[in-house]
Each structure stands twice: as structure tokens, then as C-alpha cells.
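Residue numbers (mature numbering (1 follows the signal peptide of the UniProt record, and there is no 0)): -18 to -1, 1 to 702.
Printed below as a string of C-alpha cells:
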């Protein structure tokens, strides 16, 4: 695979014990401007309970030659995919527990040119148990290493080769593998391939070193009888063409085997760098199994009956095959065959045909399957459902239709609410139903070897009933009334409402406004449009009573005053009111009809009146009073917080101000009280305890009614 698709999945952190690393590779691409795109591909066994992929992955960047650490790069994890298990032997059943996940990390780093060049490394442990050709596979990890040449080589902005294909995960023992292990170099450098020993990296104690260790890394330790050129052992030869990268292997042992492949890039005869791929082959004992199987006719997804027509869409349940030959069993046509996996074929006429499927014909691994197919034209069974009827006196007639001849048998199924419930004649009359509803009707015809059914439905409607109601409440003119249709029917209806005041509506649930007091007759007429077609009308005399409202009215004198003449007189002029209520401000209300009230604060005031008559109907009137603002400011000189309910709070008198701030200080200058509420004073207590007798300082800041800022201060006495 050239690129691994990024699927966003979340894995556990690598802090847990690392295991079951399958392999990996690293490459880089020069982007220009001293920038390099590093690509790391890591593979793991997804059946293991070991570590997930690194989140993030840590790269070590070192100066080549000196091994000075340049930086440690954290590369984010973007997701992983399961690699496809590609296995082409048609007569072999591979194990079903092979699962390898791959993740691709990419990162762009800036590497200014230097003389020696750079080495980029990544380390990860561990490979896990069951690897045949390593000494201690549970403790062996991997290191991926990329070499970026320096200016001393005469090469700038080099890109490394990258492998084109990932090797197959599964191999058969004693079966040849021929695999294109070539790579592509973006710079067109000469590539040379060889088998090599993978690097070791990390440890059980530190599976993902951060920062990575200094290069060069150690090599993995081969088990006795294995090395880089015989990773399958002496009886399992493997070669790789140094010029083309074509790999040929014939493993004979069963198990897991680590293999290393190196590709070196040369320019003008000089070695630039070597890229190493580290991967794992799984070799198993091939269990050859193959069988041909035609899906029987009555098990096909499209099967309804043996009378589905002359065309059959065949399905193939064979396994282990790659080539197929179908013989459709037409004696008069030797060319009635197909090599498709699942063909579709139209037979020339009705009848029974013996169909044969040959799997891998002419191959050593082959098989065949035979099935009989009954092919007949459709009976086209159907009936025209009768029109809907009302429950009262319902009676339905049914006539069967279709392409069948003499000797056909019939079955009508009407359901448990019908009389009769079933019938065996082609045409049926007088079928009744005992309840309203929608009833499925099934008609089945059997003729020759064919059986075909058709289903439709009929509707039995309830007998229409007209009725209506309204949302109850006290209706005072002008009164809005919500009417509610409570008619019973199963068909669409047309409505005509009359409200007794000359108005009407055609809505199902209208809202009507009665402008005047009175008692009104209401009627509803409905017309059903299908099913039980009928016209029904219901009239309810003296149905809605609407009461007259009172009239709220009062006067204020004067309408304009000032803070020095704050008294205003309110005089009631309401009509037909029994209960009376004034709301003078946010805090004061009264039930007096005529009164005077002090509107002290400057600005607009909006007293309103609510009156109620003998029927419970209400009306409201509101008036506007304007008090010309004038800042009023007075501060007392003493107070006595001695719990005698007299002069207990030190409270300045101030009106018509904004941005108010009132503060009190003791004689040492410590603030002991503050507020921004003009109606809040000091109760003489500090931290819950009564303050000492003495002189205290007050300070007041505010903006007056002209938005001019003022600040005053003075002193006062606390006496007990």
C-alpha cells in the first residue's frame, strides 16, 4: 500500500507494557526551504493486548557523525487501518486470526544545511512471543532510521526512496512467494536491494523511549540457524534481486519470521543513504479446501414462487475457486453457458432444467454442483379492491384475475373480522366486516407447480358523528373563544361553523372573537368527502355567554409636578366596577377609589387602575405623571443605635441621583461600611458588633439629575 488511510480511532497510551510490534519503515521527502516531510509507517498485531500506537510518536533528530542531539519531535497520531489479508491460493483456507494494523505518521521539520547531515530515528518495543528466528522476541524491539546527507556530500535537498508495496501477511509453507519489493526514489537515484538485519530498539522497561536513544542502534539477535540471508532457515531459501527488488522465497517451517530488506540509493556512484524495512511473515500449514455450490432456487433472495418468469438470477456459494463454468441444461442449445461468477440467464421456454456449475474446470483443485430449476411464467394473480364502505350495512364483492387455466385452485383470506373468513371460489360476493378498519385481503392461486399470491386492502369506515366543544373560561367582551371539533369519522371533512353573531368559519378548530356581550347559538355542519359520504349538522342553542366588561378610568391632578410639590390626587371615574385596585409604584398599591399620594422621586411615574365588575370581568387604565427631578441631599449629624427603635440607622436623605456611593470610615481611616443603595444606611455595627461611641467620617459620591458628578464628606457622631 502506498498510503495508509487515516481513520480517527483512539488507542490507549503507550505507558502500558509494549508488545506485538510487527514492523515498520521510515522515509523522507525534501520540500525545499530546508524543510523535510518525515513519514513513519508502523505495524502491530491487532489481536494482541499490548500497546496501541504511540500517541504521540517521538522522533529523535541527531547530527550525523557527532551524534549531537538536535531535537526530539512529537508526531501526532491520526488513526490506523487494518491491513487487508491478501491470499490468492483458491484451494487453501487461511487462518482467520491474522490481523495487522498499520498507522502512518507524518511530520515536517526544518533542518538547516550542515556539513555532516542528519540522522532521524524512532524506537519501539516489543515484538512479542512466537517469532521463530529471533533469540528473545519478547524483548526485541525495532528502530527505524533515516539518513539525510550533509553539504559535504555535495547533495542538497535529497528525498529518500520509499517502498511501493507491503509484503503479504500470509505465506504457505512449501509454496513459492514471488513479490515485487521495489521502491521509488523521487530523485531518480540508482537503487540497490539486499536482505539485512533489522535494528533493535526500546526495552520492556522503556518501550517507547522519549527522547529516543543516540544512534547507532543495536541489531536484533538471530536465533541459532537463522540470519539475515536465511531468515526462514537453511531449508527455506529467500533471495532478492539487487537491481529490481523482486523477492522469491520458499519457506518450509511454520511460524512467524522477521525479515529485513534494505534499499540503498546511489548518485554518481556514491552512496547517499540506506533505508531499511522491517516486517514479519506468518507461514502456515496450508489446509486446501474448495467446493462448488449453487444456491437452490427457493433460497434465492428474489424467489417468490416457481412462476417468477423465465429469467433466473443465479447465486454462487462456492469457495476456493477462481474460474467457473455454468451449464444451464438446455438440450437444444449447447451454448447455453456462462463463465460469470453469478450469471443471469433467460430460459427459452417453461419447464424443469438441470443446471450444473463447474468450479476451476481443468484445474487440480476443482468441483461441481447440480441443481434443478423449475421455470414458469408468472400467473399475474391480482384483484381490484372494491370501494370503501360504511360499517352500517357493509357488503363487499371480490373478483379474482390472473393468467391461469382450468384446474386452478383458489384461496381468499379475509381475516377474523370477516364473514366468511376464507373462501375457495374465484369470485366471492357478500363479504361483511363486523368493525371499522383497514383489512388486508390475500388472494392465492395454485396451478400446475405454481403458487402465487396477491394482497391488497379494503377500508370499512366508522359511521360519522358530528359534535363540538369549546375551551371553557370566563368570556368578557370582546371575548376570544377556541372551538374544538369532536366529530368522529375516518374520512376528510368540510366544515361550516356559525357563531350566532352573523360570523362563520370553515376551519376545523376555529377561534372566534365575540365583540359584544350576549348569549349566542352555535352550530357545526360537516360533509364527509369519501368513505361514508354524509352531511351532518349539530346546533347548540344559547351555547356561549359573553359578559359586558367594566370601564376603568381615573384622573391624576396635577399631571406634572416637581420634587418639592410631590402630592398628586387620584380620582376614580370607572363605570360598572365593584372591585377597585391601584398600583402606584413597585412597592405601593391600594384599594381606595380616591386618594392622594406623594411621588417623591423625579422622572416619569405610571400608576395604573384595575377594576372588576360583578361577572368577574376586568379592565385596566394607566396614567402618566412627570415629577421634574431635583437632587435632594441631606446628611444627619448623629444617630443612636441603642435598640430603642428610634434613630437606629445612619441614613442620608438623597433623591434623583445616579452612580451613588456611600462610605463610612472610623477615626483611623479604615472603611467600615459602604453601599450603592440610596435606601440603605449603617446600623452602627462592624463585623456584627456595635461600634464604639465617637466621631465617624462619611463620604458620598453621585451624579445629579444633570449628570454632574459630586463628592461630599463630613463627620457624624455615634451615641448610645
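Note that beta-carbon positions come from the ideal geometry of N, C-alpha and C, so glycine has one too.
Keep in mind that this is a model prediction, so the values were computed, not measured.
With fewer than 16 other Cβ atoms inside 10 Å of its own Cβ, residue 381 counts as exposed. The three-state secondary structure of residue 134, taken from DSSP, is helix. Contact check for residue 265 against residue 224 fails: the beta carbons are separated by 8 Å or more. Using a Cβ-Cβ distance cut-off of 8 Å, the region 429 to 447 and the region 281 to 290 are in contact, since at least three pairs of beta carbons, one from each stretch, lie closer than that value.
Counting only runs of 3 or more residues that sit fully inside the region 401 to 450, the beta strand (DSSP E) segments are 409 to 415, 419 to 429 and 432 to 443, in chain order. Nearest Cα to residue 43 within the set 59, 153, 36 and 192: 192. Residue 280 sits in a helix when the DSSP states are folded into three classes.
Here residue 431 is exposed. Its C-beta has fewer than 16 other C-beta atoms within 10 Å. Contact annotation, residue 22 with residue 100: C-beta distance approximately 15 Å; criterion of less than 8 Å not satisfied. For residue 680, the enclosing beta strand (DSSP E) stretches over residues 676 to 685. Classified as exposed, residue 196 has fewer than 16 neighbouring CB atoms from the shown chains inside 10 Å of its CB.
Rounded to whole angstroms, residue 424 and residue 502 show a C-alpha spacing of 54 Å.
With contacts defined as CB atoms closer than 8 Å, residue 143 and residue 128 fail to qualify as a contacting pair. Residue nearest to residue 91 within the set 386, 16 and 535 is 16 (criterion: CA-CA distance).
One Cα belongs to residue 222, the other to residue 159, and the distance between them is close to 11 Å. Below 8 Å, too few C-beta pairs join the region 316 to 329 and the region 393 to 404 to call them touching: fewer than three. Bridge partners of residue 152 according to DSSP: 264. Residue 472 has its alpha-carbon roughly 17 Å from the corresponding atom of residue 422.
Counting other Cβ atoms within 10 Å of its Cβ, residue 552 reaches 16 or more and is therefore classed as buried. Residue pairing from DSSP places residue 39 in a beta bridge opposite 57. Taking residue 18 as reference, the option from 115, 7, 34 and 139 with the minimal CA-CA separation is 139. Closest by C-alpha distance to residue 601, out of 50, 556 and 612, is 556.
Here residue 316 has no same chain residue with a Cβ atom under 8 Å from its own Cβ, once five neighbours each way along the sequence are excluded. Assignment of residue 164 by DSSP, reduced to helix, strand and coil, places it in the coil class. Taken atom to atom, the span from the alpha-carbon of residue 319 to that of residue 360 is near 24 Å. Going by DSSP, residue 341 is part of the beta strand (DSSP E) stretching over 333 to 341. Residue 689 and residue 636 have their C-alpha atoms some 15 Å from each other. Positions of the beta strand (DSSP E) runs, each at least 3 residues long and wholly inside the region 484 to 567, are given as 493 to 496, 500 to 510, 517 to 528, 536 to 539, 542 to 544, 549 to 554 and 561 to 565 in order along the chain. Membership of residue 12 in the beta strand (DSSP E) is indicated by the continuous run 3 to 14.
When the Cα atoms are used, residue 276 and residue 205 turn out to be separated by approximately 50 Å. Per DSSP, reduced to three states, the secondary structure at residue 702 is coil, with no helix or strand assignment.
Here residue 161 is actually not in contact with residue 180; their C-beta atoms are around 18 Å apart, not less than 8 Å.
Apart from sequence neighbours up to five positions away, the residues of its chain that approach residue 466 with a beta-carbon distance below 8 Å are 450, 451, 452, 453 and 491, ordered along the chain. With respect to residue 603, residue 499 sits apart: the two C-beta atoms are not nearer than 8 Å. Secondary structure at residue 229: strand, using DSSP grouped into helix, strand and coil. The C-beta distance from residue 384 to residue 427 rounds to 6 Å, short enough to fall under 8 Å.
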